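Throughout the sequence shown, residue numbering follows the numbering used here, covering 2 to 408 in sequence.
Note that beta-carbon positions come from the ideal geometry of N, C-alpha and C, so glycine has one too.
This one's a predicted model, so the numbers in the text were calculated from it and none came from an experiment.
These notes concern the structure reproduced below.
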Amino acid sequence: MSDFKSQALKYHAEPTPGKISIEISKPAETVRDLALAYSPGVAEPVRCIAEDPDDVYKYTAKGNLVAVISNGSAILGLGNLGPMASKPVMEGKALLFKRFANLDSIDIEVSHRTTEEFINTVANIADTFGGINLEDIKAPECFEIEKELIKRCNIPVFHDDQHGTAIVTAAGMLNALEIQGKELSEATIVCMGAGAAAIACMELLIKCGAKREYIYMLDRKGVIHTRRDDLNEYKKLFANNTDKRTLEDALQGADVFVGVSGPDVLPAEALKLMADKPVIFACSNPDPEIKPELAHATRSDIIMATGRSDYPNQVNNVLCFPFIFRGALDVRASVINDEMKIAAVHAIRSIAKEPVPAAVLKAAEVDALVFGPEYIIPKPMDPRLLERVSKAVSDAAIASGVARLVR
């Protein structure tokens with residue numbers, strides 16, 4: 002057993018199994034405390050909530066509680082291993098909610114036979130929570146699940162594998178293109194992968210200014226084009242009217258490569274086909290589409306990001322999802338809409354352009370971080386993310402009319 006594997010297993014097992022626990026938030030030491038906490042005192046908030054359902058936010062933890070829900074059908078880079086195997090990941094997500102945004106979170110793993118069963122299960126328990134974070138659900142079912150739950154629930158529902166990835170990708174991409182002297186609206190983008198994250202990333206980049214006709218998306222069969230008859234409704238949105246068929250065809254003169262696929266699928270020779278000053282986001286985990294060492298040895302003019310913490314420019318969802326929910330719950334938003342997502346993009350990217358606090362440098366174990374090719378997105382431990390991204394999201398919720406509270 003490798004040293005890191007043994008450390009990881011020990012971390013999860015000791016001194017108590019798992020990564021989260023529940024703590025009480027009120028005194029419970031005396032008979033009077035218990036009388037207030039439960040019978041007969043609990044009857045008073047029950048009556049108030051029955052009379053005015055919004056009082057649930059005043060008298061319970063609903064407004065600071067997020068459910069992290071999965072069926073385990075697309076666990077990290079490990080695939081469909083089932084609900085129980087997803088539990089360590091969902092507990093980890095709950096840990097991150099608490100660590101970065103002081104949001105209480107509980108993981109829920111759902112076993113089901115049909116997509117409709119999953120949707121019904123989540124919809125039927127949704128009122129317990131202030132928000133729902135869907136996680137590690139495979140495409141294309143994840144699109145239907147999120148769409149239907151947004152319709153049926155009166156609280157924010159957010160599939161982080163789609164939108165969290167997209168928000169952080171867009172923030173880093175806009176900064177990288179700016180450094181390279183390019184405009185998103187003029188960039189030719191090659192997207193390797195056509196699952197939930199890939200489609201969400203491209204859709205958000207389009208909302209930020211990219212041109213759909215300049216995007217070439219590839220799946221296992223090659224370029225997604227208009228003459229293919231094997232495309233689902235989501236891939237059809239990116240069917241390009243083109244004669245390009247292979248990755249090499251698509252990369253000829255391209256400005257951007259976004260990989261959300263698998264390891265080592267971008268050959269060095271293909272990288273040479275790209276335009277001057279290209280941007281490479283090789284985000285497959287744990288092994289990227291091209292190793293940074295090889296990419297930099299092949300091209301000296303690239304800006305590169307990966308999904309890994311041991312290289313510069315990590316595209317990490319933790320830069321986004323805790324603060325998206327913090328901002329949404331703070332104003333009791335009914336949904337997380339495009340305006341809120343785009344506000345998060347610009348808040349995240351702006352932080353990378355500012356001087357980095359000494360505490361962040363220490364936590365990142367580096368001497369300096371300056372906006373440029375090696376630093377296009379903030380580090381996850383940057384405390385400015387909580388205040389700035391959350392506020393931007395809250396403000397956008399208010400401005401777009403989906404907030405129930407106006408600060």
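- Message: The alpha helix (DSSP H) that contains M203, what's its start and end?
- Response: Position 202 of the sequence shown, counting from 1, holds the residue named residue 203. For M203, the uninterrupted alpha helix (DSSP H) segment begins and ends at 197-208.
Between the region 81-101 and the region 300-310, do at least 3 Cβ pairs fall closer than 8 Å?
-> Under the 8 Å Cβ criterion, the region 81-101 does not count as touching the region 300-310, having fewer than three qualifying pairs.
* To do: Count the other C-beta atoms from every protein chain shown that fall within 10 angstroms of the C-beta of L475, then say buried if there are 16 or more, exposed otherwise.
  => Given a span of 2 to 408 for the chain in the structure shown, any question on residue 475 remains unanswerable.
query = Whose C-alpha, out of A365, V394, E375, is nearest the C-alpha of G173?
reply = Residue 173 sits at position 172 when you count from the first residue of the sequence shown. Ranking A365, V394, E375 by Cα distance to G173 puts E375 first.
On the DSSP letters alone, give me the boundaries of the beta strand (DSSP E) that C418 sits inside.
The chain is shown from 2 up to 408; residue 418 falls before or after that span and cannot be answered.
Notebook entry, point to check: Where does D56 fall in DSSP's three states?
Noted result: The residue you call residue 56 lines up with position 55 of the sequence shown. Correct three-state label for D56: helix.
| task | Can you tell me which of the three DSSP states D302 falls into? | result | For the purposes of this step, residue 302 is taken as the residue at position 301 of the sequence shown. Of the three classes helix, strand and coil, the one that applies to D302 here is coil, per DSSP.
Inset, instruction - Starting from L185, follow the beta strand (DSSP E) in both directions and report where the run begins and ends. - result: Against the sequence shown, residue 185 aligns to sequence position 184. Looking at the DSSP string, L185 is not in any beta strand (DSSP E), and its letter there is neither H nor E.
| message | Is the separation between the beta-carbon of A271 and that of L295 shorter than 8 Å? | response | Locating residue 271 in the sequence shown gives position 270, counting from the first residue. Locating residue 295 in the sequence shown gives position 294, counting from the first residue. Not closer than 8 Å, so no.
Practice item. Put E366 into one of helix, strand or coil per three-state DSSP. Key: Here residue 366 refers to the residue found at position 365 when the sequence shown is read from its first residue. E366: coil per DSSP, three-state reduction.
- Query: From which residue to which residue does the alpha helix (DSSP H) around M91 run?
  - Reply: Against the sequence shown, residue 91 aligns to sequence position 90. Looking at the DSSP string, the run of the alpha helix (DSSP H) that includes M91 is 84-102.
Q: Report the option in S3, D161, V332 whose CA atom is closest to the CA atom of C143.
A: Counted from its first residue, the sequence shown places residue 143 at position 142. Residue D161 holds the alpha-carbon nearest to the alpha-carbon of C143 among S3, D161, V332.
- prompt: Nearest-angstrom Cα distance between S186 and L320?
  reply: The residue you call residue 186 lines up with position 185 of the sequence shown. The residue you call residue 320 lines up with position 319 of the sequence shown. S186 and L320: Cα-Cα distance of roughly 25 Å.
Exercise. Which residue from L219, G165, N134 puts its Cα closest to that of A201?
Worked result: Residue mapping note: residue 201 aligns to position 200 of the sequence shown, counting from 1. With distances taken between Cα atoms, A201 lies closest to G165.
Requested in this report: Name the one or two DSSP bridge partners that I23 has.
Outcome: Looking up residue 23 in the sequence shown gives position 22. Bridge pairing for I23: absent [DSSP].
- In this structure, does DSSP put H160 in helix, strand or coil? Translated into positions along the sequence shown, residue 160 becomes position 159. Note: H160 maps to strand in three-state DSSP.
Residues bridged to G80 (per DSSP) = Mapped onto the sequence shown, residue 80 falls at position 79. According to DSSP, G80 bridges with I76.
On the three-state DSSP scale, how would you describe F258?
Your numbering for residue 258 matches position 257 in the sequence shown. Taken through DSSP and simplified to helix, strand or coil, F258 comes out as strand.
>> Please report the distance separating the alpha-carbon of A398 from that of A167.
In response: Counting from 1 along the sequence shown, the entry for residue 398 is found at position 397. Counting from 1 along the sequence shown, the entry for residue 167 is found at position 166. CA-CA distance, A398 to A167, rounds to 19 Å.
*So who's on the other strand from N134, going by DSSP bridges?*
For this step, residue 134 is matched to residue 133 along the sequence shown. Per DSSP, the beta bridge partners of N134 are V69, F159.
TODO: Kindly indicate which three-state DSSP category E375 falls into: helix, strand or coil?
DONE: Taking the first residue of the sequence shown as 1, we reach residue 375 at position 374. Three-state result, E375: coil.
Counting C-beta neighbours from all protein chains within 10 Å, is the total for T189 16 or more, i.e. buried, or is it exposed? Along the sequence shown, one-based indexing puts residue 189 at 188. So T189 ends up on the buried side.
message: Applying the 10 Å Cβ sphere with the 16-neighbour rule, what's the burial state of R429?
response: Missing from the structure shown is residue 429; the chain here goes from 2 to 408 and no further.
Requested in this report: Find out if the Cβ-Cβ distance for the pair E147, L135 is shorter than 8 Å.
Outcome: Working through the sequence shown from its first residue, we reach residue 147 at position 146. Working through the sequence shown from its first residue, we reach residue 135 at position 134. L135 is positioned such that its CB atom lies closer than 8 Å to that of E147.
Checklist entry - Does the separation of the CB atoms of R333 and L406 fall below 8 Å? => result Taking the first residue of the sequence shown as 1, we reach residue 333 at position 332. Taking the first residue of the sequence shown as 1, we reach residue 406 at position 405. It is a contact, given that the beta carbons lie within the stated cut-off.
On the DSSP bridge list, what partners appear for A283? As a working note, residue 283 is residue 282 in the sequence shown. Looking at the DSSP output, A283 shares a beta bridge with G260, T307.
Item to complete: Identify, in the order they occur along the chain, each residue of the same chain with its Cβ nearer than 6 Å to the Cβ of L293, setting aside the five sequence neighbours on each side.
Response: Here residue 293 refers to the residue found at position 292 when the sequence shown is read from its first residue. For the sequence presented, residue 293 should be read as Pro rather than Leu. Excluding sequence neighbours, P293 sits near M305, Y312.
Check whether K20 and G83 have beta carbons under 8 Å apart
On the sequence shown, residue 20 is found 19 positions in, with the first residue counted as 1. On the sequence shown, residue 83 is found 82 positions in, with the first residue counted as 1. Result no, Cβ atoms of K20 and G83 do not sit closer than 8 Å.
Under 8 Å between the Cβ atoms of N65 and G131? For this step, residue 65 is matched to residue 64 along the sequence shown. For this step, residue 131 is matched to residue 130 along the sequence shown. One thing to note: N65 has its Cβ within 8 Å of the Cβ of G131.
| request: Leaving out five residues on either side along the sequence, give the residues of the same chain with a beta carbon under 7 Å from the beta carbon of V361. | output: Counted from its first residue, the sequence shown places residue 361 at position 360. Result list for V361: K380, M382, D383, in chain order.
**Request:** In angstroms with no decimal places, state the Cα-to-Cα distance between D34 and V43.
**Result:** The sequence position of residue 34 within the sequence shown is 33, counting from 1. The sequence position of residue 43 within the sequence shown is 42, counting from 1. When rounded, the separation of the alpha-carbon atoms in D34 and V43 is 11 Å.
* Alpha carbon of A195 to alpha carbon of T170, nearest angstrom -> One-based indexing of the sequence shown puts residue 195 at position 194. One-based indexing of the sequence shown puts residue 170 at position 169. In this structure, the alpha-carbon of A195 lies about 15 Å from that of T170.
Cut-off 6 Å between Cβ atoms - residues of its own chain near A283, not counting five sequence neighbours on either side:
Position 282 of the sequence shown, counted from the first residue, corresponds to residue 283. Residues of the same chain with a CB within less than 6 Å of the CB of A283, apart from the 5 flanking positions on each side, are G260, P289, E290, I291, T307 in chain order.
Item checked: Separation of R246 from N286, as counted between CA atoms -> Here residue 286 refers to the residue found at position 285 of the sequence shown. Here residue 246 refers to the residue found at position 245 of the sequence shown. Cα to Cα, N286 sits roughly 26 Å from R246.
Going by CA-CA distance only, name the one from G73, E249, D331, R221 that's closest to P157. Position 156 of the sequence shown, counted from the first residue, corresponds to residue 157. With distances taken between Cα atoms, P157 lies closest to D331.
**Message:** Assuming the contact rule is C-beta atoms closer than 8 Å, S106 and A124 should be a hit. Round their C-beta distance to whole Å, please.
**Reply:** The residue given as residue 106 occupies position 105 in the sequence shown. The residue given as residue 124 occupies position 123 in the sequence shown. With 8 Å as the limit, S106 and A124 do not qualify as a contact, their Cβ atoms being about 19 Å apart.
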